[in-house]
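Trainee: In case it helps, mature numbering (1 follows the signal peptide of the UniProt record, and there is no 0) puts the sequence shown at residues -20 to -1, 1 to 165. We treat Cβ as the ideally placed atom computed from N, Cα and C, and that holds for glycine. For reference, the structure I am asking about is given below.
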Amino acid sequence: MTIRSLLILSYILAAATVNAQSAANHERDDWRLLGQAQMSWLIFDIYSAKLYQQRNTELSDILDSNEHLLAVEITYQRNISQQKLLMATERELSSVNRKSSQFSLSESQIQSWIASLETIWPDVVKGDVIRFEVQSSGLGVFYYNDEVIGSIKDRAFSPAFMALWISPQCSYPKLCAQLRGPLNV
């Protein structure tokens, strides 16, 4: 392959990358950033989180309705195994379920969701992004580094999962309040 051919190929690949990034950014244009927060433990940064709401929806009390089109985006700042993500999620779902009168989830329902998440979530490394978007159908979709990786076909999952990030009964109320941003009462 000649140098000229390599340069042309490099140009084509670079243009394709820019177009893919533009498409991903365009999709985010429909979302309004509500709040962001940093999760750290001692001196270690674990992840940063952002909460979005679709631009065409009104700001209101998102805790009282399952109809809001929300997205939470987690950017990991450490390597975390899938198993640790699943264990933390199971613990948090059980905790929010116990603390909040909004939910009456059974242990078998939570276990079913964790089993589904095991088929969806990968191990994450520093810099990876997992995003969960609640769609107009009430179902949510998971993205991993801007690629769809799966969803859970249970309408009760989306509000329960979002509660981990926005409920005052979450395990990290300061982080949840920062994510809620202007929606804090």
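Using a 10 Å radius around the Cβ and a threshold of 16 neighbouring Cβ atoms, would you call A29 buried or exposed?
Mentor: buried
Trainee: As a quick exercise: from L97, D25, Q158, pick the residue whose alpha carbon is nearest that of F141.
Mentor: L97
Trainee: Rounded to a whole number of angstroms, what is the C-alpha to C-alpha distance between G118 and F112?
Mentor: If you draw a straight line from the Cα of G118 to the Cα of F112, it is about 12 Å long.
Trainee: Indicate whether D108 and N125 have their beta-carbon atoms separated by less than 8 Å.
Mentor: Using a Cβ distance threshold of 8 Å, D108 and N125 count as a contacting pair.
Trainee: May I have the straight-line CA-CA distance separating Y123 from L13, to the nearest angstrom?
Mentor: 17 Å
Trainee: Ignore the nearest five residues each way along the sequence and tell me which others in R58's own chain have a CB closer than 8 Å to its CB.
Mentor: The residues are F24, D25, I26, Y27, K106.
Trainee: Taking just the CA atoms, how far does E87 sit from E127?
Mentor: 30 Å
Trainee: Roughly how many angstroms separate the alpha carbons of V121 and I94, rounded to a whole number?
Mentor: 15 Å
Trainee: How about L144 and A17: do their beta carbons lie closer than 8 Å?
Mentor: no
Trainee: Given a threshold of 16 other Cβ atoms within 10 Å of its Cβ, counted over all protein chains shown, does W21 qualify as buried or as exposed?
Mentor: exposed
Trainee: Could you give the residue range of the alpha helix (DSSP H) that holds L119?
Mentor: Segment: none, L119 is in no alpha helix (DSSP H) and carries neither H nor E.
Trainee: How is the alpha helix (DSSP H) around W93 delimited, first residue to last?
Mentor: Unbroken alpha helix (DSSP H) run through W93: 87 to 100.
Trainee: Could you please give me the residues that DSSP links to L50 through a beta bridge?
Mentor: Q33
Trainee: Applying the 10 Å Cβ sphere with the 16-neighbour rule, what's the burial state of P139?
Mentor: buried
Trainee: Looking at the structure shown, is L155 part of a helix, part of a strand, or coil, going by DSSP?
Mentor: helix
Trainee: What three-state label does DSSP hand I23 in the structure shown?
Mentor: coil
Trainee: For Q115, does the count of other Cβ atoms within 10 angstroms reach 16, so buried, or fall short, so exposed?
Mentor: Q115 should be labelled exposed.
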